[in-house]
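In what follows, a single structure is set out as structure tokens and then discussed.
In the UniProt record's numbering, the protein residues as written are 1 to 194.
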């Protein structure tokens, strides 16, 4: 494995740990720092068992420092001890994770409707447009044309959050379509048997 690949693996591992910390704090409301320290790996494993493999130990402190630096969590102290709490920004991040997971979970049966997303984002906002495309691809949307993407399952909540997050509400249109011309190849792409 080359140096770039090793760096990418390390970065992705850190992001998984950060996600696990955020979800743990969200689930607990307040997370006691004293309780977190000795059982950190077990706590993280609740959310992603792949974080603990063959005796490996990951750098929890570095991930926590990154969350603090990005103002996703903060420490609170009271008479009972020191606690970790989500900030409003951290709550927004947790909501993104939950919605993304909801989008990625396919229902048992397809409702035979296509979700089509079209957008028109000006060149001066190219970074936002590129970020949107990367996000859609990561979630599993398929590009029909440069600014037209399709997905077979309900993702309206995710689209609403995406519009708010990228501040592109009027530049993006979400449609639910009953029929799509020549959709056989799309069904193959998404593994849909109709």
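Cβ coordinates follow ideal geometry from the N, Cα and C atoms, glycine included.
Evaluate residue 126 with the Cβ neighbour count: other Cβ atoms within 10 Å of its Cβ, from every protein chain shown; 16 or more gives buried, anything less gives exposed.
Taking the first residue of the chain shown as 1, we reach residue 126 at position 126. Residue 126 is exposed by the Cβ-count criterion.
Where does residue 81 sit, in a helix, a strand or coil, going by DSSP?
Mapped onto the chain shown, residue 81 falls at position 81. Residue 81: strand per DSSP, three-state reduction.
Residue from 118, 114 and 158 whose Cα sits closest to the Cα of residue 181:
In the chain shown, counting from the first residue as 1, residue 181 sits at position 181. Ranking 118, 114 and 158 by Cα distance to residue 181 puts 114 first.
Nearest-angstrom Cα separation, counted from residue 151 out to residue 145:
Residue mapping note: residue 145 aligns to position 145 of the chain shown, counting from 1. Residue mapping note: residue 151 aligns to position 151 of the chain shown, counting from 1. Cα to Cα, residue 145 sits roughly 13 Å from residue 151.
At the level of alpha carbons, what is the spacing between residue 131 and residue 94?
Residue numbering aside, residue 131 sits at position 131 when the chain shown is read from its first letter. Residue numbering aside, residue 94 sits at position 94 when the chain shown is read from its first letter. When rounded, the distance between both Cα atoms is 19 Å.
To the nearest angstrom, report how far apart residue 158 and residue 175 are at their CA atoms.
As a position in the chain shown, residue 158 is number 158, starting the count at 1. As a position in the chain shown, residue 175 is number 175, starting the count at 1. Approximately 13 Å, taken between the alpha carbons.
Sort 107, 137 and 101 by Cα distance to residue 117 and report the nearest one.
Here residue 117 corresponds to residue number 117 of the chain shown, with the count starting at 1. Here the closest residue by C-alpha is 137.
Determine whether the beta carbon atoms of residue 75 and residue 84 lie at a separation below 8 Å.
Here residue 75 refers to the residue found at position 75 when the chain shown is read from its first residue. Here residue 84 refers to the residue found at position 84 when the chain shown is read from its first residue. In contact: residue 75 and residue 84 (Cβ atoms closer than 8 Å).
Whose C-beta lies closer than 7 Å to the C-beta of residue 26 among residues of the same chain, with five residues either side of it excluded?
As a first step, residue 26 must be located in the chain shown, where it is residue number 26. Correct list, in chain order: 86 and 94.
Residues bridged to residue 145 (per DSSP)
In the chain shown, residue 145 corresponds to position 145, counting from 1. Note: residue 145 sits in a beta bridge opposite 148.
For residue 108, name the three-state secondary structure that DSSP assigns.
In the chain shown, counting from the first residue as 1, residue 108 sits at position 108. Residue 108: coil per DSSP, three-state reduction.
Between which residues of its own chain and residue 186 is the CB-CB distance below 6 Å, once the five residues before and five after are set aside?
Within the chain shown, residue 186 is the residue found at index 186, counting from 1. Answer for residue 186: no residue qualifies.
Helix, strand or coil for residue 174? Go by DSSP, reduced to three states.
As a working note, residue 174 is residue 174 in the chain shown. Of the three classes helix, strand and coil, the one that applies to residue 174 here is strand, per DSSP.
Could you tell me whether the Cβ atoms of residue 97 and residue 19 are closer together than 8 Å?
Counting from 1 along the chain shown, the entry for residue 97 is found at position 97. Counting from 1 along the chain shown, the entry for residue 19 is found at position 19. Yes, Cβ-Cβ distance for residue 97 and residue 19 is below 8 Å.
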